[in-house]
Each structure stands twice: as structure tokens, then as C-alpha cells.
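Participant: Once you've had a glance at the structure underneath, I'll fire off some questions.
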Amino acid sequence: MALTEARPLPLSRSPWTIGGLDIPHRVVMGSMHTGLEAIDDGGAALAAFYRERVEGGAALVITGGLAVSSAGRGGPDYAVLGRPDVQERLATAVSAVHAAGGLAIAQLFHAGRYALLAGATDADGRPEQAVAPSAVPWRAARGAVPRALDHDEVLATIADFASAAVAARAAGFDGVEIMASEGYLVNQFCSPLTNLRDDEWGGDAARRRRFAVEVLSAVRAALPPDVPTIVRMSGDDLMPGSSTPEEVQELAIDLVAAGADALSVGIGWHESSVPTVQASVPHLAWLGYPERIAAVVRDRAPRAVPIIASNRFTDLRDVERVLERGTVDAIALARPFLADPAIVARSFAGSFSTVASCIGCNQACIDHSLVFAPVSCLVNPRAGRELEFPLDGPDLVPRSVAVVGSGPAGLAAALDLSRRGHAVTVFESGEPGGQFALAARIPGKEDYALPVASALSELAERGAALRFGTEATIGDLAGFDGVIVASGVRPRRIDVAGSDLPHVMSYERAIRDGVPAGTVAIIGGGGIGVDLAAFLVESHDPAERAREFPLRFGLDPSPMVPASGAAPAPTPGPRDGSQVTVMRRSGKFGRGIGISSRWVALAALTRAGVRLESELSYRAITPEGVEIERADGTIELVPGDTVVVCAGQDPVDRLAQELGRAGIRHEVVGGAKDAREVDAVRAAAEGIAAARRITAPTPG
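Have a look at this one:
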């Protein structure tokens, strides 16, 4: 059945069941930590977050991890099931899900050694300490060593899971999911890396699996038979020396035998050296793992249960292609529901061009959660802030607003204005998308083109005027009720002798036009310098990178399924990494790249043989390259047939100054406001905030 029919995605929209729960379609809103669960607002923010996504088509929502005990919290912004204030918030959120026509499942969570509880206290005011199967620390714990649970504490922790399941049911949840993946406590018990015990809870693979089975059995016994229990298990820990594929398969069989109503398959640990969720990870890279578990369950388990695949699915057309294989039963998406709360409704309606795609940047979601900051989304800055930025209001007065620039800040502003019924005109003198258009040319970041295309498509559908190739003037803007200046940045020139030589170019020109053959010296090792190096040495063919990905990390090649995504920009092929040198005066390379992605980008450059040079100063640019001076006074010539300058940006703010002199109401956002450390998350958030201010009633 073709995807272009009047009812596209027929398999994705087909009904299925988990235990006694009937679910109308196969797209699950998977678990993701938001921090909203711990906000003392009676559950209003969490309810608004989930309500908007259920109204946008999500039928089954799985919450972020809800701790089964105080010690099980991942950090200070995790909620503990059973506490009266938490129960109130969760009940409010579940009621909102039900009122919108959806179903809600609570994820029962225990972080184990991954708990970051420094300075935290338990309910009795005692200092909190992470607990684990064995006293094995991990690097992000900053030297803290977890305490190994004794036998009685293991039993008490199992009882905590059961009590949490009862509390979830009391809050109105339709079922529960046990988190036994991604390196958290249950997963830690299963792994020989973190379970060094030699008692009834460890010593061999069967005893290591016992904790997971006993947790499931206790939860299953605590709930009515018709209330489903899912187990989120690890398809592969991606940790050398951890559970073998055979041990993973035996765990799946044991879980089904112990009463699991479905298995959701995750991948990897936080400390793994293999990237799992970053933009550079190919779409559908992990499909082979749930498919193998599904085959084992089908062949050997005592009964059939649904298998849910997840990770690096962003497009429901890919979901449909996977379901056509007949190997798994449903797909869980998490971050795509941040990027577009209506991804299901739009896709089921065939309106794929207006779906705001997750780009895998992690900058406002995973990166924020790792430091316990409010979770949101670069593509959709309203995510997690639905109450702060409602889409409707009783006092809306339609206004005409000009938005100058169509980068992340301008598009965020224009979409928000248009969705709230204001008349919008977008002026763009250059390429639509701004810095996103440049980023989309970087290997692994092709998807950055997608939210630009979807935003422009939605704006056109809503009647916004799109004036491309137009340099906005004061005369053009004088008749609007307000102007949002999102004119972005320009590459900064450097004050180094020889910077005007013909073989010196800006990063913008290099990425747009390509770089001639030969050696390349890159001045500036921040995020843009690292991206430029990737542009030079990585393949620009996503299919080729997908084929190389499992080989690069020593993985079994996963089944290859053609994935949707942006087409690569035509560029010259990659060059030998030894021809490329990235320099910065001091500090960390890749500054400005998100914390969950920076290490991946730098590892790729190191693997390609790119030279990374720091603790230096620039003396001069010569026809042969860049003359540098090291901290010890040594003079050296870094070869560069081409020298590319990635040394920061300056704001394009001339128009803002003219508007101010003309007395025209305006807001300045993004790089035009502050070009230091250009940050698309900040720019998009400023765009939507400015859209609200510019349309607010004028005082007096």
C-alpha cells in the first residue's frame, strides 16, 4: 500500500494491544525526562505538556522516569512516586491525558550508580548516597562511589518498585514500564561490569538476571492482571565486557515468562564510547537489536508479546517502512514529540512537509537534562513551556509584524506569530534558514534543513508573506505594527598579518562554495571550526556513513532500511584528515557544541587524522600557511594551501539601529542581538519571547 494514498501510513495507524490495553495506533510517545514532574505547580505544566501532544495525535504516553525511591532519583529534578505532592501532580497530568483521549503509562525508574545526588538528603534529612549492585563508580559521578546494596536492601528495593507501581495506579495511570535499560539500576544488576557480587544476586548470568525478574514479578503481583507492565530492556549495552547477545536474549525470555506484557528495546549506556542518539548516528541504526529480540521471543518465549523499537526514528514514513518488515509491533519516539507535538496528526493526514523534525542536536533536551536545567527543544522552544506561551488567548488583537531574517530566531518568531493569528511577513536577503542552512551542509547535520523547510511550508499554508531575496529597508518596515530583527551574524575578520591574502576565506564561504584541494589550516577551534573540519574529512553521503557506522564502532551491521531525511548538499568529496589542521589559541576544542555531542565530533576528527593544535598565538598568514608561536616560544608554520577563518561572528545589526532612530517598534533577537557564542537554542527562545512582546498591548 503506497504512502501517497488518502489514508497514508496504514500499518502505523492500525490498532494493537498491550495486555488489556487497546491502543489505536503504533506510534508510542516514549519516555523522556522533562523535569516538569518535580515543579511545585500542582501538575499544571506537566499536564499542559502532555495534553498538547495527545491532542496532536499521541495515543499512548510513557512518562519520564519516576523514581521508586529517594535514592533512585537521577538528580534533584526527578519526582518520587508515592509522595503526596508528586501524586497530586501526576494525577493532574494523567487526567489531562485522559481528557484529551490518550493513555498514560508511568515509567518506574531507579538510577542506581547513575544517581547524581551530591548534597541531596532523603525524606528524613539524611545525606543521600547513590546505591548499586556493587561499589563501581562512573566518571560523571565526580569521584563519588555508590554503596553496594546488601541482601535486605535488594529485597527492599524490589518492594519499592512494587509500591511505586501501586502509587502509579492510584494516580490514574493505565499501566507501568520498568526501566531496565540505558545503564540504570536494573540494567546494572544484569551486567558483569557493574555487578561484581557472588551471592543470589550475582556471580553468573542467571543470578545477575534475577533482580530484573524479581522486580517484574513483584510489580506484576502488585497490579491487577489487566493493567499492563512493559519492560524497557537493553538491546545491547555497547560496553566492552558487558552482557553478551546470548545473555540479553535469555533475559528477554525470562521477562516474558515472568509476565511482561511488552518489551521496549533501548540501546547503550551513558558512558559508552559509541554514540546512540546524536545527529551523527544514522536513522534506524539500532533497528537490528529489537528485531533480534523479537525473533528470539517469537521462537522461544512461552507466549507472544509486542516488541517496541526505539532510538533514531524521526519520521513516521520510516516507522511505516519498519512495520512493513513485520518484525516489531510498534515504535517509540521521544524527542520528535518535543520538536512537533502534532507529528502524529500531521503525518497521518499526509502533511509531512509541515512536520517539524527532530534534528538530533540534543542541545535543549538531553544536554539540559544532564545538568538539571529545564528541558525544551531548539526546533520548538515552546516545548516544556506550553503554559508560559499558550497558543490562544481571549485578548488577542491581530497585528501585522515583519520578521527580518529566517534563521532559527526568525523562524521561531514567525511561526509563533502566525499560529496565533497575526499577519506575518518574513524578509530574507540571503539563503532561507540562516545558520541552519550552513549547518545542513555539514556531514551528519543534513537534517538541519528539515525544520527550515517545514517552517516555511507551514508559514505559507497559514498565509504568511515570504519575501526572499529582499533586503528590508526602513521604508518597507514603516507600515508594520512591529518588527522583529533576526538578521543574524557575519563571520568576524581577524587582525592577523596576511588575512587579506587570496587563499584566506571565511567559514561561510568555505561551507557554501567548498574548499580547493590541498592542505587546509583552520583558524578557530570552536564549534564552527570543528564542523568545518568535519565538512572537509567526512563523507557527504548519508547512505555511505550509515554503512560505515557499525564498522567504525565494531558493531554487528544492522539491517539497512532506507530512511527519510534531507538530501546531502553537492560538495567535493572528503580529503585525508592529515591535510587538515584546526587551531585555537586556548581552551577546549568544540566549545559551543552540546555536551552530549562534542565528544562524538572530536573523536571523529581524531579518527580521521585531523591535527588539533592549541595553546598558541597567530603571528602571520603566509602564502604557505599560518605562522604560529607556541607557549614555549617555538615558531612553526602550519601548512595551508587554504586558510579558513572560524574566529567568531559579528552581529548584523545595522537595521536595528535604523529602526531605533526612526522610532519604529522593534525587537532584536539571536545573533543580531548578541553574536558571542552563537547559540541556536538561545536564538530560538529569544525569537518566541520577542513575538509575545511585540504583540502585547501597548501600555496606555
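Residues in the sequence shown are numbered from 34 upward in steps of one, following the working numbering.
Ideal Cβ positions, reconstructed from N, Cα and C, are used throughout, including at glycine.
1) Would you call I376 buried or exposed, if buried means 16 or more other Cβ atoms sit within 10 Å of its Cβ?
2) Go through its chain and collect everything with a Cβ distance to A192's Cβ below 8 Å, but skip five positions before and after it.
3) Is the segment 686-703 close to the segment 527-534, with three or more CB pairs under 8 Å?
4) For A295, write down the residues that DSSP places opposite it in a beta bridge.
5) For L565 versus C679, is the C-beta spacing smaller than 7 Å?
6) Among the candidates E669, P575, D686 and G587, whose CA atom is the shortest distance from the CA of A312?
7) In angstroms, rounded to a whole number, what distance separates the CA positions of M34 and Y322?
8) I need the straight-line Cα distance from S435 to A497, nearest angstrom please.
9) Report buried or exposed for R474, applying the criterion of at least 16 other Cβ atoms within 10 angstroms of its Cβ.
10) Measuring alpha carbon to alpha carbon, tell me which of D332, S276, S196 and S462 ends up nearest Q221.
11) Would you kindly work out how many angstroms separate the C-alpha atoms of A77 and V671, rounded to a whole number?
12) Identify, in the order they occur along the chain, each residue of the same chain with its Cβ nearer than 8 Å to the Cβ of A493, setting aside the five sequence neighbours on each side.
13) Could you check which residue in D480, G454 and S629 has the C-alpha nearest to that of R725?
14) From F142 to G216, what distance separates their C-alpha atoms?
15) With contact counted as at least three CB pairs below 8 Å, one residue from each stretch, are the segment 126-141 and the segment 82-92 in contact?
16) What residue from E700, G108 and I72 has the CA that sits closest to F405's CA?
17) May I ask which residues mark the beginning and end of the beta strand (DSSP E) holding T96?
18) Just verifying my parser: in three-state terms, what is the DSSP assignment at P524?
19) Span of the alpha helix (DSSP H) holding Y12?
20) Between the C-alpha atoms of A173 and G145, what's the straight-line distance to the nearest angstrom?
21) Quick check on the DSSP output: what are the complete alpha helix (DSSP H) runs of length 4 or more inside the segment 329-388, in order along the chain?
22) If you follow the beta strand (DSSP E) that L44 is in, where does it begin and where does it stop?
23) Could you have a look at A729 and say whether DSSP puts it in helix, strand or coil?
24) Cα-Cα, which of G105, A397, A382 and F582 is closest to A148?
25) By Cβ distance below 7 Å, which residues in the same chain neighbour T37 in space, the five residues on each side in sequence not counted?
26) Quick check on P441: does DSSP put it in helix, strand or coil?
27) If you draw a straight line from the alpha carbon of W319 to that of R253, how long is it in whole angstroms?
28) Please classify P590 as buried or exposed, where buried requires at least 16 other C-beta atoms within 10 Å of its C-beta.
29) Does the beta-carbon of G733 have 16 or more other beta-carbons within 10 angstroms, so that it is buried, or is it exposed?
30) Looking only at DSSP bridge pairs, what is V699 linked to?
31) Determine the DSSP secondary structure at V430, reduced to helix, strand or coil.
32) Any idea which residues DSSP pairs L645 with across the strands?
33) Would you check if the segment 464-481 and the segment 655-663 touch, i.e. whether three or more CB-CB distances between them fall below 8 Å?
34) So what's G145 in DSSP terms, helix, strand or just coil?
35) Would you kindly work out how many angstroms separate the C-alpha atoms of G515 and A456, rounded to a whole number?
36) To which residues of the same chain is L42 closer than 8 Å at the C-beta, ignoring the five residues directly before and after it?
Facilitator: On the basis of the data shown:
1) buried
2) A251
3) no
4) According to DSSP, A295 bridges with I263.
5) yes
6) P575
7) Low confidence applies here, because M34 scores a pLDDT of 29, under 50, leaving its location unreliable and the question unanswered by this model.
8) Strictly speaking, residue 435 in this sequence is Ala, with Ser absent from that position. If I take the Cα positions, the gap works out to 10 Å.
9) buried
10) S276
11) 57 Å
12) Hits under 8 Å: L499.
13) G454
14) 11 Å
15) yes
16) G108
17) L93 to A100
18) strand
19) Here the chain comprises residues numbered 34 to 733, so residue 12 is not present and cannot be evaluated.
20) 13 Å
21) 349-357, 368-372 and 376-381
22) From DSSP, L44 is part of no beta strand (DSSP E); its letter is neither H nor E.
23) coil
24) G105
25) The predicted position of T37 is uncertain, since its pLDDT is 39 and thus under 50; no value can be drawn from it.
26) helix
27) When only Cα atoms are considered, W319 and R253 end up about 29 Å apart.
28) exposed
29) The pLDDT assigned to G733 is 47, lower than 50, so where the model puts this residue is not dependable; a value taken from the coordinates is nonetheless given after this. The residue is exposed, with fewer than 16 neighbouring Cβ atoms inside 10 Å.
30) One detail in the question is off: residue 699 reads as His in this sequence, not Val. Bridge partners of H699: V516.
31) coil
32) V615
33) Segments in contact, no.
34) Here G145 sits in helix by DSSP.
35) Distance from the CA atom of G515 to the CA atom of A456, rounded to whole angstroms, is 11 Å.
36) L36, L349, R350, V352, E353, S380 and F381
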